[in-house]
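Trainee:
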Amino acid sequence: MAHFDSAVNTAQHVGELFGVFAFATSGALLAVRRGFDVFGIVVLACSTALGGGVIRDLVIGRTPPASFVDLSYLWTALLAAAVIFFWHPSPRVTGGPLGVADAFGLGLFCVTGTVIAYNHGLGAPSATLLGLVTAIGGGVIRDLLGGQTPSVLIPEQIYAVPALVGATATATLLHFNAYNPITGACAALGAIVFRLLAMRYDWHAPQARRRPQDRA
Amino acid sequence: MAHFDSAVNTAQHVGELFGVFAFATSGALLAVRRGFDVFGIVVLACSTALGGGVIRDLVIGRTPPASFVDLSYLWTALLAAAVIFFWHPSPRVTGGPLGVADAFGLGLFCVTGTVIAYNHGLGAPSATLLGLVTAIGGGVIRDLLGGQTPSVLIPEQIYAVPALVGATATATLLHFNAYNPITGACAALGAIVFRLLAMRYDWHAPQARRRPQDRA
Amino acid sequence: MAHFDSAVNTAQHVGELFGVFAFATSGALLAVRRGFDVFGIVVLACSTALGGGVIRDLVIGRTPPASFVDLSYLWTALLAAAVIFFWHPSPRVTGGPLGVADAFGLGLFCVTGTVIAYNHGLGAPSATLLGLVTAIGGGVIRDLLGGQTPSVLIPEQIYAVPALVGATATATLLHFNAYNPITGACAALGAIVFRLLAMRYDWHAPQARRRPQDRA
Numbered sequence: 001m002a003h004f005d006s007a008v009n010t011a012q013h014v015g016e017l018f019g020v021f022a023f024a025t026s027g028a029l030l031a032v033r034r035g036f037d038v039f040g041i042v043v044l045a046c047s048t049a050l051g052g053g054v055i056r057d058l059v060i061g062r063t064p065p066a067s068f069v070d071l072s073y074l075w076t077a078l079l080a081a082a083v084i085f086f087w088h089p090s091p092r093v094t095g096g097p098l099g100v101a102d103a104f105g106l107g108l109f110c111v112t113g114t115v116i117a118y119n120h121g122l123g124a125p126s127a128t129l130l131g132l133v134t135a136i137g138g139g140v141i142r143d144l145l146g147g148q149t150p151s152v153l154i155p156e157q158i159y160a161v162p163a164l165v166g167a168t169a170t171a172t173l174l175h176f177n178a179y180n181p182i183t184g185a186c187a188a189l190g191a192i193v194f195r196l197l198a199m200r201y202d203w204h205a206p207q208a209r210r211r212p213q214d215r216a
Numbered sequence: 001m002a003h004f005d006s007a008v009n010t011a012q013h014v015g016e017l018f019g020v021f022a023f024a025t026s027g028a029l030l031a032v033r034r035g036f037d038v039f040g041i042v043v044l045a046c047s048t049a050l051g052g053g054v055i056r057d058l059v060i061g062r063t064p065p066a067s068f069v070d071l072s073y074l075w076t077a078l079l080a081a082a083v084i085f086f087w088h089p090s091p092r093v094t095g096g097p098l099g100v101a102d103a104f105g106l107g108l109f110c111v112t113g114t115v116i117a118y119n120h121g122l123g124a125p126s127a128t129l130l131g132l133v134t135a136i137g138g139g140v141i142r143d144l145l146g147g148q149t150p151s152v153l154i155p156e157q158i159y160a161v162p163a164l165v166g167a168t169a170t171a172t173l174l175h176f177n178a179y180n181p182i183t184g185a186c187a188a189l190g191a192i193v194f195r196l197l198a199m200r201y202d203w204h205a206p207q208a209r210r211r212p213q214d215r216a
Numbered sequence: 001m002a003h004f005d006s007a008v009n010t011a012q013h014v015g016e017l018f019g020v021f022a023f024a025t026s027g028a029l030l031a032v033r034r035g036f037d038v039f040g041i042v043v044l045a046c047s048t049a050l051g052g053g054v055i056r057d058l059v060i061g062r063t064p065p066a067s068f069v070d071l072s073y074l075w076t077a078l079l080a081a082a083v084i085f086f087w088h089p090s091p092r093v094t095g096g097p098l099g100v101a102d103a104f105g106l107g108l109f110c111v112t113g114t115v116i117a118y119n120h121g122l123g124a125p126s127a128t129l130l131g132l133v134t135a136i137g138g139g140v141i142r143d144l145l146g147g148q149t150p151s152v153l154i155p156e157q158i159y160a161v162p163a164l165v166g167a168t169a170t171a172t173l174l175h176f177n178a179y180n181p182i183t184g185a186c187a188a189l190g191a192i193v194f195r196l197l198a199m200r201y202d203w204h205a206p207q208a209r210r211r212p213q214d215r216a
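Same order as they appear, the protein sequences are chains A, B and C.
So for the first sequence, UniProt numbering puts the first residue at 1; every next one is plus one.
So for the second sequence, UniProt numbering puts the first residue at 1; every next one is plus one.
So for the third sequence, UniProt numbering puts the first residue at 1; every next one is plus one.
1. Would DSSP call Gln12(B) helix, strand or coil?
2. With a 10 Å radius around its C-beta and 16 neighbouring C-beta atoms as the bar for buried, classify Val32(B) as buried or exposed.
3. Three or more beta-carbon pairs under 8 Å between the stretch 169 to 180 of chain B and the stretch 116 to 128 of chain B, yes or no?
4. How would you write the range of the alpha helix (DSSP H) that Arg34(A) sits in, first residue to last?
5. State the Cα-Cα distance for the pair Leu71(B) and His120(C), rounded to the nearest angstrom.
6. If we count Cβ pairs, one from each stretch, closer than 8 Å, do we get three or more for the stretch 13 to 33 of chain C versus the stretch 17 to 25 of chain B?
7. Spatial neighbours of Thr76(A) within its chain, please: CB distance less than 6 Å, with the 5 preceding and 5 following residues excluded, ordered by chain position.
8. Any beta carbon from chain C within less than 8 Å of Ala197(A)'s own beta carbon?
9. Do the stretch 93 to 108 of chain A and the stretch 103 to 113 of chain B make contact, defined as three or more Cβ pairs closer than 8 Å?
10. Using DSSP with H/G/I as helix, E/B as strand and the rest coil, what is His175(B)?
11. Chain E partners of Pro65(C), CB-CB under 8 Å?
12. Under 8 Å, with one C-beta from each stretch per pair, do the stretch 36 to 46 of chain C and the stretch 151 to 166 of chain C reach the 3-pair mark?
13. Measuring only between beta-carbons, confirm whether Phe23(C) sits less than 8 Å from chain B.
14. Mind checking if Ser90(A) is an interface residue toward chain B, Cβ cutoff 8 Å exclusive?
15. Looking at the unbroken alpha helix (DSSP H) that takes in Arg195(A), where does it start and where does it end?
16. For the stretch 158 to 182 of chain B, which residues have a CB atom closer than 7 Å to at least one CB atom of chain C, in sequence order?
17. Within 10 angstroms of the Cβ of Ser6(B), are there 16 or more other Cβ atoms? Answer buried if so, exposed if not.
18. Under the rule that 16 or more other beta-carbon atoms within 10 Å means buried, what is Gln90(B), buried or exposed?
19. Where do the ends of the alpha helix (DSSP H) carrying Leu58(B) lie?
20. Using 8 Å as the cut-off, can you tell me whether the stretch 183 to 190 of chain A makes contact with the stretch 129 to 146 of chain A, which would need three or more C-beta pairs spanning the two stretches below that distance?
21. So with Cβ pairs under 8 Å, would you call Val38(C) a contact of chain A?
22. Quick one: what's Gln157(C) bridged to in DSSP?
23. Quick check on the burial criterion: 16 or more other C-beta atoms within 10 angstroms. Buried or exposed for Phe176(B)?
24. Check for me: the alpha helix (DSSP H) holding Pro125(B) runs from which residue to which?
25. In the structure shown, what three-state DSSP assignment does Leu78(C) receive?
26. Contact between the stretch 49 to 63 of chain A and the stretch 60 to 74 of chain B: three or more CB pairs below 8 Å?
27. Looking at the C-beta of Leu130(B), does it have a partner C-beta in chain A at a distance below 8 Å?
28. So, at 8 Å on beta carbons, what are the nonlocal neighbours of Leu197(A) in its own chain, with the 5 sequence-adjacent residues on each side left out?
29. Along chain C, in chain order, which residues have C-beta atoms closer than 8 Å to that of Phe85(A)?
30. Name the chain C residues that come within less than 7 Å of Ile41(A), Cβ to Cβ?
31. Within 10 angstroms of the Cβ of Val14(C), are there 16 or more other Cβ atoms? Answer buried if so, exposed if not.
32. Use the C-beta contact count for Asn9(A): other C-beta atoms within 10 angstroms, 16 or more gives buried, fewer gives exposed.
33. Give every residue of the same chain whose Cβ lies closer than 8 Å to the Cβ of Leu145(C), excluding the five residues on either side of it in the sequence, and list them in chain order.
34. Can you tell me which of the three DSSP states Gly166(C) falls into?
35. Mind listing the chain C neighbours of Thr112(B)? Cutoff is C-beta to C-beta under 8 Å, in chain order.
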């Protein structure tokens with residue numbers, strides 16, 4: 001099993017770095033669109049990619065947070081910032097691959113976040129919540145720093161629900177002692193496929209009905 | 001005393017859940033007004049209701065924060081989000097009761113926040129500060145996520161000062177070893193009545209004089 | 001050496017209080033410009049002055065954060081808020097001295113932040129990052145609460161790069177065991193002079209080239 005476990009760990013780490021790269025790229029692209037300077041690009045790239053995990057680690061009391069100890073996440077985010085700064089591809093080119101990579105980050109982060117929180121002694125519902133925070137927290141910070149309403153809150157294509165489903169599945173597996181690399185990968189894959197389908201078929205979450213006088 | 005203490009604890013817990021419900025409702029109503037989807041409503045409800053306490057717990061090093069351990073706060077916030085999503089009452093209906101419930105939350109949170117911080121070894125001034133953060137932090141997060149200037153900072157009816165008064169009274173009682181369920185309840189009641197009077201008589205805090213050229 | 005060390009410590013503490021005062025003043029002035037009430041002025045002054053250090057301390061697990069234990073920082077920030085509330089000088093009067101004091105705060109905070117993080121066991125790159133966060137974090141919180149895009153991200157005069165240079169120099173000194181009061185003071189002075197020169201000669205950081213269709 002040792003070989004298998006190690007291969008799974010490597011696969012998971014590589015997957016997470018893909019997710020970090022995708023998240024960092026989305027932050028860097030927003031910074032470019034807003035006319036931020038090179039420093040602003042780096043800050044938005046790093047806080048998008050690492051913010052969710054840092055919040056999770058602060059909440060569970062794991063200090064310093066993982067991304068301050070294992071620097072591969074930070075270097076990956078900086079690499080993404082550099083690529084965007086120098087190359088700065090058109091959104092039409094990046095749109096497709098970026099969305100897919102972002103979906104991988106979302107799916108992997110919601111699972112690993114839930115596992116880390118659960119292994120730090122949180123109950124299944126709290127671990128689910130933190131898995132969700134890990135997956136979407138960085139994007140919320142990106143949008144706050146970039147001066148726009150967090151895109152995860154507004155009725156664009158479903159984004160948070162796949163992460164919530166993945167986190168819930170993971171916490172359920174952990175609770176019933178059925179979590180292992182294969183079931184965990186299935187949970188991540190489920191979230192990823194759900195997100196890709198939402199992008200492909202333009203799925204939206206319901207809004208509350210609003211009377212005209214309720215609009216802000 | 002055991003009976004009495006237990007009754008006091010129950011009363012305090014019920015009061016806090018009322019406050020959580022009121023705070024969560026204010027977050028959910030803002031989300032509806034801004035056109036957020038069901039997920040945005042849930043996020044705003046939860047972060048408004050639980051945000052202040054989470055910040056307090058992170059600052060005093062109580063990890064995981066209380067609302068990740070005792071889930072009654074989370075369920076109460078989710079209930080408020082569900083009520084607003086399905087029923088979505090007009091602000092004219094909710095305005096009055098909501099303001100009163102919010103005042104109860106404010107008064108209870110500033111007292112319990114101060115007590116928790118003091119019992120974790122902080123000095124009276126720092127405990128006062130954290131009591132204030134507990135009471136108003138959630139609303140600040142709500143407004144940041146909702147894309148508006150934190151209402152507690154702008155010259156609407158006095159909101160933070162009652163919380164500050166309640167927290168200061170509590171810290172003073174603790175410092176002079178005079179805090180007990182009765183004096184603590186008086187501090188909370190004082191803050192609640194102060195806030196209700198500010199709403200009733202439209203009290204405002206002073207602003208600095210501004211010359212015309214100072215306006216942003 | 002004891003005398004010398006103690007004199008250095010006193011000089012550093014006085015310098016930090018100068019920086020706190022300058023940062024708090026910048027927060028209070030923004031609050032006045034935005035028409036916030038007296039409470040909003042106090043909140044913006046305190047969170048600008050203390051926010052960066054609080055984030056650093058939460059990340060390294062030093063709870064409660066230093067500014068909740070040593071209250072001299074808090075009182076200094078409150079003093080700055082009071083001065084601005086009552087006196088409220090014109091920006092033309094405060095601009096020059098304020099910019100210089102702010103540069104001192106920036107230079108001192110990036111060095112002390114890096115040292116504190118390094119002494120808590122973080123590696124040199126992570127310590128550099130936290131030194132930077134200590135120096136600029138308060139200003140980011142100020143701008144978020146004040147409803148504007150963080151000024152450190154946009155292409156105004158170079159602000160974060162001096163802090164990054166100071167933090168990098170400090171971490172390098174610590175890594176090679178060459179940090180002492182004198183070399184540390186040189187790192188701080190370098191950052192301060194760099195920032196003052198950037199103000200004097202209107203230096204800017206580069207932006208990524210943007211095609212017209214990339215603008216937000």
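Every residue gets a Cβ at the ideal spot worked out from N, C-alpha and C, and that includes glycine.
Mentor: Let me lay it out:
1. Indexing the second sequence from 1 puts residue 12(B) at position 12. The answer is helix: DSSP assigns Gln12(B) an H, G or I state.
2. Start at 1 with the first residue of the second sequence, and residue 32(B) comes out as number 32. Its Cβ being crowded by 16 or more others within 10 Å, Val32(B) is buried.
3. In short, these stretches touch, since the Cβ pair count reaches three.
4. Within the first sequence, the letter at position 34 stands for residue 34(A). Note, Arg34(A): premise wrong, no alpha helix (DSSP H); not H, not E.
5. Sequence index remark: in the second sequence, residue 71(B) carries index 71 (1-based). Sequence index remark: in the third sequence, residue 120(C) carries index 120 (1-based). Here the alpha carbon of Leu71(B) sits roughly 33 Å from the alpha carbon of His120(C).
6. Look at the beta carbons and you see the stretch 13 to 33 of chain C not touching the stretch 17 to 25 of chain B: under three pairs across the two are nearer than 8 Å.
7. One-based indexing of the first sequence puts residue 76(A) at position 76. Contacts found: Leu17, Val20, Phe21.
8. Residue numbering aside, residue 197(A) sits at position 197 when the first sequence is read from its first letter. Sequence inspection shows Leu at residue 197(A); the Ala mentioned does not correspond to that position. Chain C places no beta carbon closer than 8 Å to that of Leu197(A), leaving this residue out of the contacts.
9. As far as the Cβ criterion goes, the stretch 93 to 108 of chain A does not touch the stretch 103 to 113 of chain B, which means the pair count is below three.
10. For the purposes of this step, residue 175(B) is taken as the residue at position 175 of the second sequence. Under the three-state reduction of DSSP output, His175(B) falls in the helix class.
11. Of the chains in the structure shown, none is chain E; the protein chains are A, B and C.
12. As far as the Cβ criterion goes, the stretch 36 to 46 of chain C does not touch the stretch 151 to 166 of chain C, which means the pair count is below three.
13. For the purposes of this step, residue 23(C) is taken as the residue at position 23 of the third sequence. For Phe23(C), no Cβ of chain B is located within less than 8 Å of the residue's own Cβ.
14. The residue labelled residue 90(A) in the question sits at position 90 within the first sequence. Not one chain B Cβ lies under 8 Å of Ser90(A).
15. The sequence position of residue 195(A) within the first sequence is 195, counting from 1. Its alpha helix (DSSP H) spans residues 181 to 201.
16. Cβ contacts with chain C: Ala160, Val161.
17. Indexing the second sequence from 1 puts residue 6(B) at position 6. Classification of Ser6(B): exposed, given that the 10 Å Cβ count is below 16.
18. Counting from 1 along the second sequence, the entry for residue 90(B) is found at position 90. The amino acid occupying residue 90(B) in the given sequence is Ser; Gln does not appear at that position. If you draw a 10 Å sphere on the C-beta of Ser90(B), you find fewer than 16 other C-beta atoms in it, and that means exposed.
19. In the second sequence, the residue the question calls residue 58(B) occupies position 58. Segment 38 to 60, the alpha helix (DSSP H) holding Leu58(B).
20. They do not touch, by the three-pair rule.
21. The sequence position of residue 38(C) within the third sequence is 38, counting from 1. Taking Cβ atoms only, chain A never reaches closer than 8 Å to Val38(C), which makes this a no.
22. On the third sequence, position 157 is the one that residue 157(C) refers to. His204(C).
23. Position 176 of the second sequence holds residue 176(B). Phe176(B) should be labelled exposed.
24. Taking the second sequence and counting its residues from 1, one reaches residue 125(B) at position 125. It spans 124 to 145 - the alpha helix (DSSP H) in which Pro125(B) sits, taken as one unbroken run.
25. If you number the third sequence from 1, residue 78(C) lands on position 78. The answer is helix: DSSP assigns Leu78(C) an H, G or I state.
26. Yes, they touch.
27. Locating residue 130(B) in the second sequence gives position 130, where the first residue counts as 1. It does not; no Cβ of chain A falls within 8 Å.
28. Position 197 of the first sequence holds residue 197(A). Excluding sequence positions up to five before and after Leu197(A), its CB lies within less than 8 Å of the CB of Trp203, all in the same chain and listed in chain order.
29. In the first sequence, the residue the question calls residue 85(A) occupies position 85. Residues of chain C whose Cβ lies closer than 8 Å to the Cβ of Phe85(A) are, in chain order, Ala208.
30. Residue 41(A) sits at position 41 when you count from the first residue of the first sequence. Within chain C, the residues near Ile41(A) are Ala208.
31. Translated into the one-based positions of the third sequence, residue 14(C) becomes position 14. So Val14(C) ends up on the exposed side.
32. As a first step, residue 9(A) is located in the first sequence; it is residue number 9 there, counting from the start. That one is exposed.
33. Position 145 of the third sequence, counted from the start, is the residue given in the question as residue 145(C). Within the same chain, Leu145(C) has close Cβ partners Val43, Leu44, Ser47.
34. One-based indexing of the third sequence puts residue 166(C) at position 166. DSSP places Gly166(C) within a helical segment (H, G or I) once states are collapsed to three.
35. Counting from one through the second sequence, the residue named residue 112(B) turns up at place 112. Going along chain C, no residue has its Cβ under 8 Å from Thr112(B), so there is no contact; the nearest lies around 17 Å.
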